Structures are given as structure tokens and as C-alpha cells.
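Novice: Quick note, my numbering runs 91 ahead of the 1-based positions in the first sequence.
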Amino acid sequence: MGLKFRDIVSSHEIKLDELKGKTVALDAANTIYQFLSSIRQMDGTPLMDSQGNVTSHLSGILYRTSSLVEKGIKPIYVFDGKAHVLKKDTQDGRRQIREEAEVQWKKAVDEGRIEDARKFAMRSSRMTPDIIEGSKKLLDLMGIPYIQAISEGEAQASYMVERGDAWCVASQDYDCLLFGASRMLKNIAARGSKSRLEMINLNEILEMNGLTREQLVDVAVLVGTDFNEGIKGVGAKKGRNLIKKHGDVFKALKHLKAEMDIDPQEIRDIFLNHDFIEDYDIKWNKPDKEEAIKFLSDEHDFSADRVVSALDKLKKLNPAQKSLEQWFG
DNA sequence: ACGCTACT
DNA sequence: AGTAGCGTC
Numbered sequence: 092m093g094l095k096f097r098d099i100v101s102s103h104e105i106k107l108d109e110l111k112g113k114t115v116a117l118d119a120a121n122t123i124y125q126f127l128s129s130i131r132q133m134d135g136t137p138l139m140d141s142q143g144n145v146t147s148h149l150s151g152i153l154y155r156t157s158s159l160v161e162k163g164i165k166p167i168y169v170f171d172g173k174a175h176v177l178k179k180d181t182q183d184g185r186r187q188i189r190e191e192a193e194v195q196w197k198k199a200v201d202e203g204r205i206e207d208a209r210k211f212a213m214r215s216s217r218m219t220p221d222i223i224e225g226s227k228k229l230l231d232l233m234g235i236p237y238i239q240a241i242s243e244g245e246a247q248a249s250y251m252v253e254r255g256d257a258w259c260v261a262s263q264d265y266d267c268l269l270f271g272a273s274r275m276l277k278n279i280a281a282r283g284s285k286s287r288l289e290m291i292n293l294n295e296i297l298e299m300n301g302l303t304r305e306q307l308v309d310v311a312v313l314v315g316t317d318f319n320e321g322i323k324g325v326g327a328k329k330g331r332n333l334i335k336k337h338g339d340v341f342k343a344l345k346h347l348k349a350e351m352d353i354d355p356q357e358i359r360d361i362f363l364n365h366d367f368i369e370d371y372d373i374k375w376n377k378p379d380k381e382e383a384i385k386f387l388s389d390e391h392d393f394s395a396d397r398v399v400s401a402l403d404k405l406k407k408l409n410p411a412q413k414s415l416e417q418w419f420g
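#1: Which residues share a DSSP beta bridge with MET351?
#2: Between the C-alpha atoms of GLN132 and ALA208, what's the straight-line distance to the nearest angstrom?
#3: With distances taken from CA atoms, which of ARG155, VAL312, TRP196 and PRO137 is nearest ILE361?
#4: Please classify GLY203 as buried or exposed, where buried requires at least 16 neighbouring CB atoms within 10 angstroms.
#5: Indicate, with yes or no, if the ligand NAP has a heavy atom lying under 6 angstroms from the CB of LYS407.
#6: For VAL100, which residues of its own chain have a beta-carbon under 7 angstroms away from its beta-carbon, when the five flanking residues on both sides are left out?
#7: So, at 6 angstroms on beta carbons, what are the nonlocal neighbours of GLU161 in its own chain, with the 5 sequence-adjacent residues on each side left out?
#8: So, helix, strand or coil for PHE341, using DSSP?
#9: My output table needs one value for HIS103: the three-state DSSP class, helix, strand or coil.
#10: Going along the chain, which residues of its own chain have a beta-carbon closer than 6 angstroms to the beta-carbon of CYS267, five neighbours each way excluded?
#11: DSSP state of LEU117, grouped into three classes?
#12: So, with DSSP's three-state summary, where would you put PHE386?
#13: Which residues does DSSP list as the beta-bridge partners of THR165?
#14: I'd like to confirm the pairing. Which residues does DSSP put opposite TYR237 in its beta bridges?
#15: Comparing C-alpha positions only, which one of PHE96, LYS95, ILE105 and GLU224 sits nearest to GLU289?
#16: What did DSSP end up calling PRO220 once you bin it into helix, strand or coil?
#17: Under DSSP, the alpha helix (DSSP H) around MET299 begins and ends at which residues?
#18: Would ALA257 and THR114 qualify as a contact pair, given that the criterion is a beta-carbon distance under 7 angstroms?
#19: Beta-carbon within less than 8 angstroms of PHE419's beta-carbon, same chain only, minus the 5 sequence neighbours each way: which residues are those?
#20: Just to confirm, is the Cβ distance from SER157 to ILE130 under 7 angstroms?
#21: On a CA-only basis, which of ASP317, MET213 and PRO236 is nearest GLU243? Give me that one, please.
#22: Tell me which same chain residues have a C-beta within less than 8 angstroms of the C-beta of ASN294, skipping the five on either side of it?
#23: Considering only the beta carbon of each residue, do LYS95 and VAL314 sit closer than 7 angstroms?
#24: Quick one: measure Cβ to Cβ for GLY225 and LEU149, integer angstroms, because I've assumed they're closer than 8 angstroms.
#25: Helix, strand or coil for MET213 per DSSP?
#26: Pick out whichever of TRP196, LEU363, LYS197 and TYR168 has its Cα sitting closest to the Cα of TYR237.
#27: Can you name, in chain order, every residue of its own chain whose Cβ lies under 7 angstroms from the Cβ of ASN278, other than the five neighbours on each side?
#28: Whole beta strand (DSSP E) runs in the region 136-197 with 3 or more residues, listed along the chain?
#29: What does the Cβ neighbour count give for ALA349, buried or exposed, with the cut at 16 atoms within 10 Å?
#30: Using C-beta distances below 6 angstroms, list every residue in its chain close to ALA192, excluding the 5 sequence neighbours before and after it, in chain order.
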């Protein structure tokens, strides 16, 4: 679900071509979850190999990544580390939604309600350690760099934008704005034509709403995040107005005569004083064609032709060509 | 979601 | 060049 900030966030439509030459830090968890939920058949069955292993995420990563590279975009994936203790309630809630959706999915299939079946199947998607490992293995074989964050992947990705190692964070969730990403990209896809690609500038959001980044975090604390519940009846607009009027979350709570289960300062710290890896290195390598075919075609039943044509698109990031670009721009 | 083919 | 429809695993 993510942060409910839609009402106070504005975006600009951009074209995929405008990202040529740019490095994009992709929120791996967010991306993989999208693939798991939507790369499915009509009745909700995900893509699977002959042994019954889910392969939707591998398909998504292979084709989207190669397609982005072909368009001159340099992707880096950022994986989540250990979840914060305060995220437990959110995680429990999501697990319950998944479990209920799984029951509804099977029921819908039995009753022949195909559209419902797919809808519930999408909600039942879960990310297993196997799926994470397979995704990392594929990225290695493709020569695409990935970073393992200490905690939230979005926090690490935002830091990388701040440091100039990435131009923007690509995610569907607004959380990265709280983590300080100056630019975030919504709806990234292999083909830009289908859904509009949205560019969101943090500074613009802050100016538009008359808030500092610290105050934006305070708005989030009132509205609710993955780490706290928020105040009932306070949405993005009401939250913004409260913080603008009273200055910070503590004064706003006092005015509302409301109390929170958790000290707001703890939530602030998650977004403003988070841990990140500083000594990462980003390098795009030549894909290991042979091993990639072994992994995707031999082990997971992908069509070898499709794998080869996807891998061929990665040639744009060959070390030889990269050094040429350094000379000629 | 994405690739591929066919069609305008 | 842009898109609709079907298959992908």
C-alpha cells in the first residue's frame, strides 16, 4: 500500500527517452512484488517452470531490465535488509490480507469467477527467500549491479541519489520522498506508452505544500506509515494543514488532544537518521550468456531464443563501450 | 508485465 | 510508427 500522500503530491509526465544516460536506482522489493502480482494468467496462476517454481519475477526482471538498458538507462537494484521492529504490525497485516486472498482465489476458481480469481491471486502474492535469491542470481548473470541495504531499500536508494550515484529512485511508493530522494519515478516499465511515467521532485512537493522535509515526515507520522498507525480522520491534506499551522507533529498532536502509541521521534528517526551502506560499488558487467541460458532455459524452462534476444540488449553496457562513452559523452 | 506477430 | 491480441513459464 505505502504512504497515502497522493493528494499532496504532484508529478510531471516524462518519456522514457528522457532517462537516456541516467542511472536509476530501482526499489527491488517494490519491483519484484509488481511482477509477482501481475505476471499471471487469467485465472491468477503465475508463470511457473515444469517443477512448479514461480518464475514471474525472473521474467519481469529479465525483460524490463534489458529493455531499459536498450534505451540507454543504467539500472541498479536495491534490496531490503532487515525490517525495522516497528514494521511488524504492517507485515502481519499484509500476511493476513495474503492469506485471506488465497482462500478467496481458490473459491473464485472453483466457482468459475475468472476475473475475481485473478484479482485475488494478485493480492495473494508473497515474496519468499527463494524469489529474492533467484532475482539476485539473475541480476548477477545479467551483469546488473545490486546493493543490499542495511534496512529499508528505499532509504539506501535515496542516499544513492543524494550522493549523485543515481539520478532518481524508481518506486511505486512515496516513502522514498521521506527518505530524502530528490527525484522519484513512478510507473517505470519496459514500454512507456501504456501507463504514464511520472517524475516527482521532492523540492517541488515541499515548496508546493510550504513544508520542510522534516515537516513532510511529520505529516506522514500523522497520516500513518509502515511503522505507525497515524491519527484517525487525518489524511494527507488535513495532516499538511495541521503541520503548517502548528509547526511540528508534537504541537499538532497537542492541538488535536491526540496521543500516539509510539513516540513520533522514533518514526522521524527512521526516515531522517537511517543507516545506509557507504562503501558500495556500482559496476555494470558483461552478461554471462552461457550461465544465464543454463539458469533460465535449462532450469526454469524459458525459451532460449527469448533469453538470447533479451541478453543482446545488454550490450549497451559493455565495459568497452562504456569507456568510449566516457570519452565522447 | 512483457515479447512477438499481425494488422492499420 | 502505433496498437491489439495472444502466449509466456
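We treat Cβ as the ideally placed atom computed from N, Cα and C, and that holds for glycine.
These numbers come from a predicted model, not from an experiment.
Specialist: According to the data block:
#1: The residue labelled residue 351 in the question sits at position 260 within the first sequence. Paired residues: none, contrary to the question.
#2: Here the question's residue 132 lines up with position 41 in the first sequence. Here the question's residue 208 lines up with position 117 in the first sequence. Distance between GLN132 and ALA208, taken at the CA atoms: about 10 angstroms.
#3: Taking the first sequence and counting its residues from 1, one reaches residue 361 at position 270. Of ARG155, VAL312, TRP196 and PRO137, the residue nearest in Cα terms is VAL312.
#4: Along the first sequence, read from residue 1 onward, the residue named residue 203 stands at position 112. The residue is exposed, with fewer than 16 neighbouring Cβ atoms inside 10 Å.
#5: The model on display carries no ligand, and the ligand NAP is accordingly not part of it.
#6: If you number the first sequence from 1, residue 100 lands on position 9. Cβ neighbours of VAL100 beyond the five flanking positions: TYR265, ILE291 and ILE296.
#7: Locating residue 161 in the first sequence gives position 70, where the first residue counts as 1. Correct list, in chain order: LYS404.
#8: Locating residue 341 in the first sequence gives position 250, counting from the first residue. Helix.
#9: For the purposes of this step, residue 103 is taken as residue 12 along the first sequence, with counting starting at 1. HIS103: strand per DSSP, three-state reduction.
#10: On the first sequence, residue 267 is found 176 positions in, with the first residue counted as 1. Cβ within range, chain order: GLU245, SER249, VAL260 and MET275.
#11: Position 26 of the first sequence, counted from the start, is the residue given in the question as residue 117. Residue state, collapsed to three classes: strand.
#12: Translated into positions along the first sequence, residue 386 becomes position 295. Helix at PHE386.
#13: As a working note, residue 165 is residue 74 in the first sequence. A small fix is needed here, since residue 165 is Lys in this sequence, not Thr. DSSP, once it has assigned bridges, lists THR114 as partnering LYS165.
#14: Counted from its first residue, the first sequence places residue 237 at position 146. Within the DSSP bridge table, the entry for TYR237 names TYR168 as partners.
#15: Numbered from its first residue, the first sequence carries residue 289 at position 198. The residue with the shortest Cα to Cα distance from GLU289 is ILE105.
#16: In the first sequence, counting from the first residue as 1, residue 220 sits at position 129. DSSP places PRO220 in helix when its eight states are reduced to three.
#17: The count along the first sequence starts at 1 and reaches residue 299 at position 208. From DSSP, the alpha helix (DSSP H) with MET299 extends over 293-300.
#18: For the purposes of this step, residue 257 is taken as the residue at position 166 of the first sequence. For the purposes of this step, residue 114 is taken as the residue at position 23 of the first sequence. In this structure, THR114 lies closer than 7 angstroms to ALA257 by Cβ.
#19: As a position in the first sequence, residue 419 is number 328, starting the count at 1. Because the pLDDT at PHE419 is just 41, under 50, the model does not fix this residue reliably, and the value given afterwards should be weighed accordingly. The beta carbon of PHE419 is closer than 8 angstroms to none in its chain, skipping five residues each way along the sequence.
#20: Residue 157 sits at position 66 when you count from the first residue of the first sequence. Residue 130 sits at position 39 when you count from the first residue of the first sequence. Between SER157 and ILE130, the gap from beta carbon to beta carbon reaches 7 angstroms or more.
#21: Working through the first sequence from its first residue, we reach residue 243 at position 152. Taking only the C-alpha atoms, the option nearest GLU243 is ASP317.
#22: Start at 1 with the first residue of the first sequence, and residue 294 comes out as number 203. Here the set comprises SER273.
#23: Reading the first sequence from its first residue, position 4 is the one you call residue 95. Reading the first sequence from its first residue, position 223 is the one you call residue 314. Contact flag set, yes.
#24: Within the first sequence, residue 225 is the residue found at index 134, counting from 1. Within the first sequence, residue 149 is the residue found at index 58, counting from 1. Correct: roughly 6 angstroms between the Cβ atoms.
#25: The count along the first sequence starts at 1 and reaches residue 213 at position 122. MET213 falls in the helix class under three-state DSSP.
#26: Walking along the first sequence from the start, residue 237 turns up at place 146. The option with the nearest alpha carbon to TYR237 is TYR168.
#27: In the first sequence, counting from the first residue as 1, residue 278 sits at position 187. Around ASN278: SER286, ARG287, LEU288 and GLU289.
#28: The region 136-197 contains these whole beta strand (DSSP E) runs: 165-170.
#29: Taking the first residue of the first sequence as 1, we reach residue 349 at position 258. Exposed, by the Cβ-count rule.
#30: Locating residue 192 in the first sequence gives position 101, where the first residue counts as 1. Around ALA192: PHE211, ARG214 and SER215.
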